[in-house]
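Asks:
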Amino acid sequence: MKYISTRGNAPELSFEEAMLTGLARDGGLYVPESIPTMSADEIAALAGKSYEEAAFIVMRPFVGDAFTDEEFKGIIARAYANFRHEARAPLVQLAPNHHLLELFHGPTLAFKDFAMQLIGQLFQFSLARRNERVTIVGATSGDTGSAAIEAFRGLDNVDVFILFPHGRVSDIQRKQMTTPNDANVHALALDGDFDDCQARLKDMFNDFDFRDGVKLAGVNSINWARVLAQVVYYFTSAVSLGAPHRKVSFTVPTGNFGDIFAGYIAKKMGLPIEKLVIATNQNDILHRTMESGAYTKEGVTPSISPSMDIQVSSNFERALFDAYGRDGGAVAQLMEELDDGTFTVSQGAMETLREHFDSGRASEEETSATIEAEFAACGEVLCPHSAVGVKVGNEHLSATPMITLATAHPAKFPDAVEAAMGARPDLPPHMVDMMDKDERVTRVPNDLGALETLITERIAER
266 MKYISTRGNA
276 PELSFEEAML
286 TGLARDGGLY
296 VPESIPTMSA
306 DEIAALAGKS
316 YEEAAFIVMR
326 PFVGDAFTDE
336 EFKGIIARAY
346 ANFRHEARAP
356 LVQLAPNHHL
366 LELFHGPTLA
376 FKDFAMQLIG
386 QLFQFSLARR
396 NERVTIVGAT
406 SGDTGSAAIE
416 AFRGLDNVDV
426 FILFPHGRVS
436 DIQRKQMTTP
446 NDANVHALAL
456 DGDFDDCQAR
466 LKDMFNDFDF
476 RDGVKLAGVN
486 SINWARVLAQ
496 VVYYFTSAVS
506 LGAPHRKVSF
516 TVPTGNFGDI
526 FAGYIAKKMG
536 LPIEKLVIAT
546 NQNDILHRTM
556 ESGAYTKEGV
566 TPSISPSMDI
576 QVSSNFERAL
586 FDAYGRDGGA
596 VAQLMEELDD
606 GTFTVSQGAM
616 ETLREHFDSG
626 RASEEETSAT
636 IEAEFAACGE
646 VLCPHSAVGV
656 KVGNEHLSAT
666 PMITLATAHP
676 AKFPDAVEAA
686 MGARPDLPPH
696 MVDMMDKDER
706 VTRVPNDLGA
716 LETLITERIA
726 ER
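Each residue of the sequence shown is one higher than the one before, starting from 266 at the first, in my numbering.
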């Protein structure tokens, strides 16, 4: 299995090379050269298997000869050993034809744990075998950072630097990033929004002297292994509702497009998905694009669902690559136009996107109302991001079962939940002590040079 860049001007890499590289040197994102498929019988055979067994079957064709079967099974088993639900990703029924996929039973209470715990194990295995050391720099709107820190903290061959927008994450999200005291972990509060964090991260990857000097690696959803890990729960949830003999649809709270793109990969593999519904908050660039074909940045407005406060959805580039018939030159041109704030998707590419994706948005008021309504109707407490998904999912119900992804535990956003339903969600016991711990965080300017200097100095101190 080889991996190619969405911009068509970078070397083909193996799975392990693409994982350790992150962003391609032409600025593009790595995708498989071809998508392996599963037959209906193979999909049906996933029924009754453990999450780890299903994960091995779904992901194995993508890793090539990077690991033996036993090595890969061991990596998967270690990745999910600390999840607090036996099913890993259990389904809860909200209404007769609407289900909620709970993805918050991992160590940091967010769906990012599914990918990050796996990546932590993959990196640890690969780096030990290669006797190499890397510097991981990540950008987060809240949940990716804590998941990355939890996955890599304490490892000898990895330094982790996480950029998050100062003042734009919840207290609990911030505490999850700033209270670990491991010497290899560095939380950096950047003066800017998430798009600024993500832009500085991409700038570092495009500064090849810095990138090579610190052996830079990325674990944001630009990393293909992140997307791959998330493909699995589309299969396990769909099969539990009768796939492949019955179609399903998914609604996905969407910011950076990585999670819903994993659903698209599952569909390309043969999972009978009728529709993938993009659910956005008031920062609705993807919804506007699906309606008009114009991808236009308008600035970020802070919301009660901060992990979705994004204007530049990195993984949308992967969907565009397929929509343009895998024409890397066309994608590169669109990304160049985006530097000026906007691009227009061609009519043919929009038709392709609309074959697979639908979209909707939820205002702040609608999000809060959904939290209140679902608690009253069935006792389910939603985080604001999940509520955005449920609101949009309700608008797209049909005869086909709908699964909405619940992306975070409500206790990560207690103020928004309390304001909506009048009661504060309880923190899980393992997180209560965290709120009283001292924080280790460095405030940093939105300046590439200053960031690179800080990172270089911190690495030298280790």
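We put the CB at the ideal spot given by N, CA and C, even for glycine. Values in this document were obtained by computation on a predicted structure and should not be read as measured data.
For the segment 484–501 against the segment 321–330, do three or more pairs of beta-carbon atoms, one drawn from each stretch, fall closer than 8 angstroms, so that the two count as touching?
Replies: A contact between stretches requires three or more CB pairs, one per stretch, nearer than 8 angstroms, and the segment 484–501 meets this requirement with the segment 321–330.
Asks: Would you check if the distance between the CB atom of residue 580 and the CB atom of residue 486 is smaller than 9 angstroms?
Replies: yes
Asks: If we ignore side chains and look at the alpha-carbon of each, how far apart do residue 352 and residue 639 end up?
Replies: 23 angstroms
Asks: Flag residue 318 as yes if its beta-carbon sits less than 9 angstroms from any beta-carbon of chain D, otherwise no.
Replies: Among the chains of the structure shown, chain D does not appear; only one protein chain is present.
Asks: Return the chain-ordered ranges of every alpha helix (DSSP H) run that is complete within the segment 633–704 and spans a minimum of 4 residues.
Replies: With a minimum length of 4 residues, the continuous alpha helix (DSSP H) runs that stay inside the segment 633–704 are 649–660, 679–686, 694–697.
Asks: Just mark residue 510 as buried or exposed, buried being the case when its beta carbon has 16 or more other beta carbons within 10 Å.
Replies: Its Cβ having fewer than 16 others within 10 Å, residue 510 is exposed.
Asks: Take residue 403 and list the residues in its own chain whose beta-carbon comes closer than 8 angstroms to its own, dropping the five residues that flank it on each side.
Replies: Take residue 403, set aside five residues on each side of it, and the residues of its chain with a beta-carbon closer than 8 angstroms to its own are 409, 410, 413, 425, 426, 427, 428, 466, 483, 484, 485, in chain order.
Asks: Have a look at the DSSP bridge pairing and note the partners of residue 544.
Replies: 518, 625
Asks: Could you work out which residue in 286, 266, 343, 359 is closest to residue 655 when comparing CA atoms only?
Replies: 359
Asks: Just verifying my parser: in three-state terms, what is the DSSP assignment at residue 454?
Replies: strand
Asks: Grouping DSSP H, G and I as helix and E and B as strand, with all else coil, what is residue 576?
Replies: Residue state, collapsed to three classes: coil.
Asks: From the DSSP secondary-structure annotation, give me the bridge partner or partners of residue 363.
Replies: Per the DSSP secondary-structure output, residue 363 pairs in a beta bridge with 360, 667.
Asks: Can you tell me whether residue 469 is buried or exposed, with buried defined as 16 or more other CB within 10 angstroms of its CB?
Replies: buried
Asks: Output yes or no for whether 9 angstroms exceeds the beta carbon distance between residue 570 and residue 546.
Replies: yes
Asks: Quick one: what's residue 709 bridged to in DSSP?
Replies: The partner list for residue 709 (beta bridge, DSSP) reads 455.
Asks: Can you check whether the CB of residue 321 is closer than 9 angstroms to the CB of residue 341?
Replies: yes
Asks: Please state whether DSSP places residue 277 in a helix, a strand or coil.
Replies: coil
Asks: What span of residues does the beta strand (DSSP E) with residue 735 cover, start to end?
Replies: In this structure the chain extends from 266 to 727, so residue 735 is not present and cannot be described.
Asks: Comparing alpha-carbon positions, which option in 501, 296, 383 lies nearest residue 337?
Replies: Checked all of 501, 296, 383; the closest Cα to residue 337 is 383.
Asks: Does DSSP put residue 316 in a helix, a strand or coil?
Replies: helix
Asks: With DSSP as the reference, label residue 286 as helix, strand or coil.
Replies: Of the three classes helix, strand and coil, the one that applies to residue 286 here is helix, per DSSP.
Asks: What do you get for residue 649, buried or exposed, if any count of 16 or more other CB atoms within 10 angstroms of its CB means buried?
Replies: Burial state of residue 649 is buried, judged by a 10 Å Cβ sphere holding 16 or more other Cβ atoms.
Asks: At which residues does the alpha helix (DSSP H) containing residue 300 begin and terminate?
Replies: Here residue 300 belongs to no alpha helix (DSSP H), and DSSP marks it neither H nor E.
Asks: Indicate whether the contact test is met: 3 or more Cβ pairs, each with one atom in the segment 553–560 and one in the segment 504–521, closer than 8 angstroms.
Replies: With the cut-off at 8 angstroms, the segment 553–560 and the segment 504–521 do not touch.
Asks: For residue 694, does the count of other Cβ atoms within 10 angstroms reach 16, so buried, or fall short, so exposed?
Replies: exposed
Asks: In three-state terms, what does DSSP make of residue 348?
Replies: coil
Asks: Smallest Cα separation from residue 226: which of 285, 575, 621, 680?
Replies: Residue 226 lies beyond the range of the chain shown here (266 to 727); nothing can be said about it.
Asks: Going by C-alpha distance, which of 355, 572, 723 is nearest residue 434?
Replies: 572
Asks: Under 9 angstroms, do residue 368 and residue 505 count as touching if we go by C-beta distance?
Replies: no
Asks: Could you work out which residue in 269, 303, 447 is closest to residue 533 when comparing CA atoms only?
Replies: The shortest Cα separation from residue 533 among 269, 303, 447 belongs to 303.
Asks: In whole angstroms, give me the CA-to-CA distance for residue 315 and residue 718.
Replies: 46 angstroms
Asks: Can you tell me whether DSSP reads residue 589 as helix, strand or coil?
Replies: Of the three classes helix, strand and coil, the one that applies to residue 589 here is coil, per DSSP.
Asks: Are the segment 616–625 and the segment 673–681 in contact at 8 angstroms, needing three or more beta carbon pairs?
Replies: no
Asks: Can you tell which of 394, 613, 618, 349 has its C-alpha closest to the C-alpha of residue 582?
Replies: 618
Asks: Skipping 5 residues on each side, what residues in its chain have a beta carbon closer than 6 angstroms to that of residue 267?
Replies: 277, 298
Asks: From residue 415 to residue 512, what does the alpha carbon distance come to, in whole angstroms?
Replies: 36 angstroms
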